[in-house]
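> One rule links them: number in our numbering = place in the sequence shown (from 1) + 17. C-beta atoms are modelled at their ideal positions from N, C-alpha and C, and glycine is treated no differently. Could you have a look at this structure, given as structure tokens, before my questions?
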Amino acid sequence: MVKSQDFWDVETETMPREKLSGYQWSKLLPHIKYTYNNSPYYRRSIEEAGVNIDDIRTVEDYYEMVPFLSKTQIL
18 MVKSQDFWDV ETETMPREKL SGYQWSKLLP HIKYTYNNSP YYRRSIEEAG VNIDDIRTVE
78 DYYEMVPFLS KTQIL
């Protein structure tokens, strides 16, 4: 018999919103830095926006500073 715990992580999926936001940020920040260090396109895009990658310390910083791709840039 399959238990519901086999399909979801009780700890992360039931934690309070503030704790969850911190957890999500701790996972996202390394990806942002990895992308900056390993993708010439994103490095250039971030630098052209005048952003110092080390200044991104919160989710709010990320949304305010990091440029998002537009649909025309993707196509």
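(1) Do the region 46-62 and the region 21-35 meet, that is, are 3 or more Cβ pairs less than 8 Å apart?
(2) Using CA atoms only, rank isn't needed, just tell me which of Arg74, Asp26 and Ala66 is closest to Leu86.
(3) Is Arg74 helix, strand or coil by DSSP?
(4) What's the call for Met63, buried or exposed, on a 16-neighbour Cβ count within 10 Å?
(5) May I have the straight-line CA-CA distance separating Glu77 from Asp26, to the nearest angstrom?
Here's the rundown:
(1) A contact between stretches requires three or more CB pairs, one per stretch, nearer than 8 Å, and the region 46-62 fails this requirement with the region 21-35.
(2) Measuring from the Cα of Leu86, the nearest candidate turns out to be Ala66.
(3) Correct three-state label for Arg74: coil.
(4) The sequence shown places Ile at residue 63, not Met. With 16 or more other CB atoms across the displayed protein chains lying within 10 angstroms of its CB, Ile63 is buried.
(5) Going from the Cα of Glu77 to the Cα of Asp26 covers about 27 Å.
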